[in-house]
Each structure stands twice: as structure tokens, then as C-alpha cells.
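In terms of this note's numbering, the sequence shown is residues 4 to 723.
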Amino acid sequence: MSKMTTYLLCLIAAMSTVRSIRAEDGYRLWLRFDLIENEEQRNSYLDQLPQIMLTGDDPVLQTAGKELSRGLTGLLGKNIHVVPAAADQSGILAGIIGASPLIDGALSPSDAGQIQLEGFLLLQRNDQLIIAGKDARGVLYGAFRLLRILQERQPLDQLHLVENPRVKLRLLNHWDNLDRTVERGYAGFSIWNWHQLPEYIDPQYTDYARANASIGINGTVVTNVNANSLIFRTDYLEKAAALANVFRPYGIKLYLTARFSSPIELGGLETADPLDPGVQQWWKDKVDEIYRHIPDFGGFLVKANSEGQPGPQQYDRNHADGANMLADAVAPHGGIVMWRAFVYSNEEPVDRAKQANNEFVPLDGKFRDNVLIQVKNGPIDFQPREPIHPLFGAMPQTPLMMEFQITKEYLGQGTHLVGLAKMYEEVLQTDTHVKGKGSTVAKVIDGSLEGHQLSGMAGVSNIGTARNWTGNLFAQADWYAYGRLAWDPYMDADRIFEEWATMTFTHDKKALSVITKMLAGSHETCVRYMTPLGLHHIMGAGHHYGPGPWVSKMPRADWTSVYYHKADEKGLGFDRTASGSNALEQYHPDLAEQYADPDKIPLKFLLWFHHVPWDHPLSTGRNLWNELCHQYHQGAAEVTQMKEDWQSIKEFIDEERFQQVKMHLDIQEKEAKWWRDACLSYFQTFSKMPIPAELEQPAHDLEYYESLRYPYSPGIRPRW
Ligand code: GCW
């Protein structure tokens, strides 16, 4: 072959690769149903998916049909017709793709018996592929599951799969304000355009609902926990109802946050005392009105007596009094109350990590049946890494909901690539030991440990008006992972990363292994360059952006950094053992025992529980100071490695999304070094030891790092 011919062939090959990678902007998330390029594979799917698809007249079933039709048409390049269907005698609803309708008794009793509410069965049989559910939501989730099988290019033959959600309430929490700012939001403004609702229905609301339904999310709290009572004014309820109407066909219920003082602010009452009959009546009337607008309204999420929010303690009542009053108002309509345990008070001299247990454990058994207590994963506040919250397992008579953060307030905000699934997994798989070995947090959350009927998980949303929804493209993986773990808290994070990467980017094996490796290591990397060895709460004040271990002057001691790291000439870390705050005693003795000895505790929690001398030798062979230096440096070096990894798969990623990620990784690398150098420069003033000579020395002096100011950093909490 002549040189010229070879060149031309290469050029043609290169052009065809380029052509097959379409321009993308990330808006489609993981719901990308492009034509399956391999014709043989497409035809084999088509053989197994004949032309007729059935669905009933229930709006959610219709959505299932519509989504299947849309997805399959895209993937297989053929139009799929949708016609109505019926339930068989066992009450099982089925969407059937196949030549003949479902006949009574067609599903074996054992198959039918395995399907629970919202669960589904996918069954390939003769000339049919059956998507069966006990309810319409189940069929909808089954439809998305079937699409994922094709998106992942897995075989359909012999398909026989039953999946049921383990957690009942799978919710997003939006910290979105009515003025469209988003507290701790890093992806633009709120997607809820309250000003133009209820008339203007942005098509993005539907896309939001389908993305959530595709991962099994069945509820959303659309307003901030730092709540505004205006949402209960009739015109705002009409707006909320318009959103609920969009969500309903996707099986998603709408919830609102309730500001405890609403009876005063909106109702003109003189008190919001939960035991006052006038207050109780006000809430009952308001709730009746809400249900007139939104017949399937889910209920309330409440932040009370926390960070200045009003609550029952202002009237010498407790959390149970407050929660039960609201629970009684929504109970006749089938609503629930999610009462947050994120409470701490600076009037209390005790360690902030202990306060939630002090307030809530005595109330165990005192809450109504339709109340859940919503608990953040750790005892302080969504730090890069925390041990589990000691409330898990400590309130056996009360259903506890998990609250995870999907937005990354303390985890690199809008720019850092940090695959949160690893962090969620670590928390869910931690053993509380409260009912013997194997009493994992996942079992507390799904209700199986104590046999609770109600169970739930909430994820603080990272969605905004950014074209790709989450600002940072890889942050879509956190939204996705949250949904998958809410459905099944026992899922493996690596499997989730693989699903997401395949659907979002490519089927190329090499590229996939690089992307999943980046995601899998990224949480640990972030912990290393921000808060290694159990450090926590050492970020910039207010906006929480960047390092700020020197922060010492704030309106409250427990908002400073020095309160948490306790650096002094002797050493570093918060003594939470018996010689210190003894927060350790709030865990079951079998778990506490693993953390009690500074020489045996996993290094990742060392400084969370112990004040350790700078020259104390660690299991790594280094002393504390040298290990700290090493961890910070390793973290920053790993970000550089992530950049190289991403670069190595450039040819498999479309240009726009490649560049988006690349530019964010540049920021992350710069900021990882900033965290490293600022923190080490600061801690060095106490350790008085050199940063080992083989490591890169800080580019600036401490004064420089302390002088940096970022008044317009995004996501700052508004003050009202
Ligand atoms: O993490 C802190 C945030 C606040 C937030 C609070 C909470 C909504 O800094 O912005 O307020 O937690 O969870 O209530």
C-alpha cells in the first residue's frame, strides 16, 4: 500500500471516529438512548423485543410506555407502538412487549409473590418480554431497568429478574429558596421558577422528574430546610401544585419544608406553641388546604431549633411535641413528617458531636407513627469524612432516615471530582453493633434491624440551572449513585460507577476502567488533601470554600476551626475519649472499642477521637507530623494523576464534555495544592517540625493563605 493510501485510510478512520462521537453538553445525563451502533446486536435485541408494547391508562403506566417507546426507538432505531393493557387476576400489572397479551395466571405464583410494592419483574418468555409490577411505579422502574440493560449492552435472553426497593421514601431535598438562590448550591440558580409558576411549566421540570424516576426516586422536597413560610400562602401553594402535577406521572410526590413559626408569620397568631389549640387548628386548616391543591402531597420536612430556626423549644416543648403536632395534621391525609436531628446549640458547653443524641435519645418511642427522624450521616456536618452518627442504632423505636449530601459543600463544591458513592457506601456498611455483629447502618435505614414499616433516605440535591444540571459533569454520578443506594443501600459503589460511566460516556472497556478508577479513588483523594487522618471542619468561614484551619473568631465557638482540630504545641486532634468529651460513649461498646485506643483506631478516624502528640509514631512507620505531610502531598499528587488519566482517554470522549471535565480538574489540582500548603503551613506553627525535604515546600507563607478572601463564593447561606 502506498504511503498516500495509508494516510487516506487513516484519515477516513479518524473522521469516522470523530463522527460517531456526537456533540454533547451533559443535559441528557445518563438517559442517553443513541442508536446501538453494532447492527448485529441491535437486530438481536429487536428479535427479542417485537413491536407491540402494552400499558394501562394509569398516568404512571402511560409514562412507562412513553419512556420505553422513547428509549427503545432511540436505541434500536425503530418506532415502537404503545397500546393500553390490563392487570391479571393476581392484581399484577404488566407492560408486555410481545406478540400476545398477558393471560391470567401467566406469571407463576412464585414470580408474582416476589414482587413487592414499587418492585418489578422482568421476564423473557416465549414471544414475550414481561415487565410486571404490583403497582404502576413498579412497571415504570422496570421500564427504566430494561432500558439500562440495553444501554449497558447486556443480553436479554433468559432474562428473569426481580428487584424491589429496600427503602420506602427515596427523596431529594432541595435547599432552594423562593428567590431562586440555592443554599450550598454550586450549579447555578434553582430550577424552580416560582415567579412564573403556576402558568409557565418549564420542560426541564419533566426532564427532572424522568431523571429521578429512572433511578427510583419517589419524592422531592422542593424548598430549603431554612424555610420560608411564604410557601404556605395560597398563591404559592398553587405554584407548588403545578410542580406536583408534573411530577405525579413519574411517581414522584411533592413535599415541603415547614417553618415552625408559620402560624405567627402567615397566620397572625401570637404563638407557635405546638400544644396551643389555636396553633394546632391553624396547621390542620393549612394542611387541609395543601391537600386540596395537592391531593397526594407527601408531607413536611422540618429543621427546628437549629442554627437559628424557630422550633418547639422556644415554648419549652421538645422535638416530639413539635413533630407530633404536624404529624397529627397530616395523618388523616396519609402524610408524613421528617424531623431533622441536625441540632446543636452554642449555649451547650458539650461537644457538638454529642448534642443530637442528648436531645433525641430520651424521646425515642415518643413520636407518632408517621414521623421519621432524619439524621445526617455523621455527627458534625457533611465533612469529607466522619464516623457514623451515633444516633444510628440508638433510637430503636423510631424510624431513622439517612440524610446524605449530594451537593458538595465541604467536598470541593462545584469544581472537584469526588465520587461520593464511596463515602455513602462506607457509612451504610458501617456496623453499629447494636444488635450484634452485622447491625449495619443500611439495616437501620431500611428498617429491617427493628422491623419498622416506614423507612427513608434523603439526598441534599446538587441540581441547578447549569446546562448539565450539576455544574461539574462528574457530579451527575453523585445524583445517580444516591438514587441507586436509596433503592438498594447494599449496592457496591464500584458497580454504580460502572453503570453511570457506561450510560454517560462510552462502552469502551479501557475508557470505562479509567473513569471508574478515577471515581473510585477520588473520595479518598479529597479526604487526603483536605482533612486527612480524621481532621474535620477546617474550611474557610461562612462560604466554606477552601482551607481555613486558622478560623478562630466566629459568633459561635462551634463554627470555628480551632474548636475542632485543637492544635497546640503538644499535638493535634479532638479528644473524644473518656479523658476528653467522651463522645465515644454514645456508640455501642463494640464499636466504641474499635476507636478507643489511638494505636488501634483506623488512621482515618485518629484525630476525630484523639489528641495525638506530633511525634507520636503511627502504624505507617512515620510520626504524626510526617504522616500528615505525607497524606496532604499524596492527595494533591493523586489529583495530578487524575488529570493524566482523563487525558489518556480523550479519544473516547466528545470534545465538549472532555473539556468541561479537564478544566475542572485543573481547578481541583490548583485547589488541592492550596489546601495542602495552607494547612501544613498553619499546623507547622504548632508542630515546629520541617515539611520533609523530599516534598514540595509551600509556595507562599502562612500570612498569604490567611489573607485570601472570597466574598462572592457561591452557595452562601442567606441571612434572614
Ligand atoms: O451544613 C450546614 C450548612 C447550612 C445548612 C445546615 C443544615 C441548610 O452550612 O447551610 O443549612 O448545614 O443542614 O441545616
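We put the beta carbon where it would ideally sit given N, CA and C, even for glycine.
### Beta-carbon proximity check, W195 vs L126, cutoff 8 Å
no
Q.
Since Y258 and L304 should fall inside the 8 Å C-beta cutoff, what is the C-beta to C-beta distance between them, to a whole number of angstroms?
A. 6 Å
| said: Please return the same chain residues whose Cβ sits closer than 6 Å to the Cβ of D618, not counting the five positions on each side in sequence. | reply: N626
Report the start-end ranges of each beta strand (DSSP E) in the region 255 to 326 that is 3 residues or longer and not cut off at the edges. 256 to 260 and 302 to 305
query: Going straight from the alpha carbon of R531 to that of E630, what length do you get?
result: 11 Å
ask   = Sorted by chain position, which residues of the same chain lie with C-beta nearer than 6 Å to P701's C-beta, five sequence neighbours on each side aside?
value = D680 and S684
Exercise for review: Rounded to whole angstroms, what's the CA-CA distance from A230 to G314? Just pull it up for me.
Suggested key: 12 Å
Go to Q207, then tell me how far its alpha helix (DSSP H) extends in each direction, as first and last residue. P206 to S217
For a test of the three-state rule: what should DSSP assign to A176, helix, strand or coil? For the record, residue 176 in the displayed sequence is Asn; it is not Ala. Three-state DSSP puts N176 in a strand.
One or two residues paired with F123 in a DSSP bridge: G136 and E166
request  = Please name the residue in M404, L38, G454 and L420 whose C-alpha comes closest to that of L431.
outcome  = M404
* Asked: CB L269 to CB F300, shorter than 8 Å?
  -> no
- Task: Buried or exposed for L143, please, with buried defined as at least 16 other CB atoms from any protein chain shown within 10 angstroms of its CB.
- Result: buried
Cβ pair I220, A586 closer than 8 Å | no
Going by DSSP in three states, G422 sits in which element: helix, strand or coil? coil
* What's the call for P352, buried or exposed, on a 16-neighbour Cβ count within 10 Å? -> exposed
inquiry  = With three or more C-beta pairs closer than 8 Å as the rule, is the region 272 to 290 touching the region 206 to 221?
reply    = no
| Is the region 369 to 377 touching the region 329 to 336, taking contact as three or more C-beta pairs under 8 Å? | yes
* To do: Provide the residue span of the beta strand (DSSP E) that contains M341, from first to last.
  => I339 to R343
(Q) Suppose the cutoff is 6 Å on Cβ atoms and the five residues either side in sequence are ignored; what does the same chain contact list for E202 look like? (A) none
- Message: Taking the alpha carbon of Q312 as the reference point, which residue from G338, A344 and D279 has its own alpha carbon closest?
- Response: A344
| query | If you pair each beta-carbon of the region 642 to 655 with each one of the region 514 to 528, do three or more pairs fall below 8 Å? | reply | yes
P693, DSSP secondary structure in three states
coil
| request: Would you mind sorting S309 into buried or exposed? The rule is 16 or more other CB atoms within 10 Å of its CB. | output: buried
Worksheet entry | Stretch-stretch touch, CB-based, cutoff 8 Å, three pairs: the region 451 to 462 with the region 166 to 181 | yes
- Which word fits Y483, buried or exposed, when buried means at least 16 other C-beta atoms lie within 10 angstroms of its C-beta? buried
**Item:** Where P616 sits in the DSSP three-state scheme
**Value:** strand
Fill in: Touch test, the region 148 to 164 against the region 117 to 125, Cβ-Cβ under 8 Å, three pairs minimum
yes
### Neighbour-count burial assignment, A595, 16 or more Cβ in a 10 Å radius
buried
Worksheet entry | Length of the line joining the Cα atoms of P535 and N471 | 31 Å
**Item:** Identified DSSP bridge partners for I376
**Value:** W342 and L403
- Query: So what does D434 bridge to, in DSSP terms?
  - Reply: T443
Fill in: Which of helix, strand or coil DSSP assigns to L71
helix
| request: Could you spell out where the beta strand (DSSP E) holding A514 opens and where it closes? | output: Not the beta strand (DSSP E): A514 falls in the alpha helix (DSSP H), residues K512 to M533.
Do D561 and N349 have their C-beta atoms closer together than 8 Å?
yes
Quiz item: Start and end of the beta strand (DSSP E) containing M506?
Solution: From DSSP, M506 is part of no beta strand (DSSP E) but of the alpha helix (DSSP H) over A496 to T507.
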